[in-house]
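**Q** I have a structure I would like to understand better, so I am pasting it below and will then ask my questions one at a time.
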Amino acid sequence: MPKFLIWLSACFLGLLAGTSYAAQGELPPAESVALAHFAIQHQFLKLPVHGAFSLDPMAREDDPHFASFEALGVWTNNKYGSAVLGNYSVNRLTGEVWDLFTCERIDFRALAKQQARYRARFGLSPPNGLQPALC
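If you're matching positions, the sequence shown starts at 0 in numbering that gives the first Met the number 0 and goes up one per residue.
Printed below as a string of structure tokens:
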């Protein structure tokens, strides 16, 4: 799926779901996906990846305030299919993005700006460093 369509679908879902989450101070599902996608895309800029990646949700009942995903790389020149790029989690109360393999918070300037926009828009809490249960 082209990157534009992923972005467009995330924005559309955000418009549909955004109003119901704004009063609760939680990030809507579409914006959780968008933040994870943005962070992962930045992490893998320097890799020779020819293709795209997808985010598959991971059901985590023990971590209700985190949206967790498995990132699968889809290479167009790979006859064996896809590969796991990593597992990631987004704190829906703060917008923080975590790499579940290294248990490190992903942080770079452009992501921080997007997180600040979401915090203002949805009334999220400031970053608190709370790690996902898998860390």
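Glycine included, C-beta positions come from ideal geometry on N, C-alpha and C.
Note that the structure is a prediction, hence the values are computed from the model and not measured.
Do L141 and F52 have their CB atoms nearer than 8 Å?
**A** Examination of residue 141 is not possible in this model, given that the chain is present from 0 through 134 alone.
**Q** Are the CB atoms of S88 and P28 nearer to each other than 8 Å?
**A** On the sequence shown, position 89 is the one that residue 88 refers to. On the sequence shown, position 29 is the one that residue 28 refers to. Not closer than 8 Å, so no.
**Q** For L84, decide whether its Cβ has a neighbour in chain D, counting only Cβ atoms nearer than 8 Å.
**A** Protein chains in the displayed structure number just one, and chain D is not present.
**Q** Within its chain, find whatever has a CB closer than 7 Å to the CB of S81; leave out the 5 residues flanking it on each side and keep chain order.
**A** For this step, residue 81 is matched to residue 82 along the sequence shown. Same-chain partners within the cutoff: L71, G72, V73.
**Q** Excluding five sequence neighbours on each side, which residues of the same chain lie with their C-beta closer than 8 Å to the C-beta of E103?
**A** Against the sequence shown, residue 103 aligns to sequence position 104. The answer, listed in chain order, is W97.
**Q** What did DSSP end up calling A51 once you bin it into helix, strand or coil?
**A** Your numbering for residue 51 matches position 52 in the sequence shown. Strand, per DSSP.
**Q** What are the start and end residues of the beta strand (DSSP E) that includes E135?
**A** Nothing can be reported for residue 135, as the shown portion of the chain is limited to 0 through 134.
**Q** Could you round the C-beta distance between F43 and M57 to whole angstroms and report it? I think they count as a contact, below 8 Å.
**A** Counted from its first residue, the sequence shown places residue 43 at position 44. Counted from its first residue, the sequence shown places residue 57 at position 58. Not confirmed; about 19 Å, so no contact.
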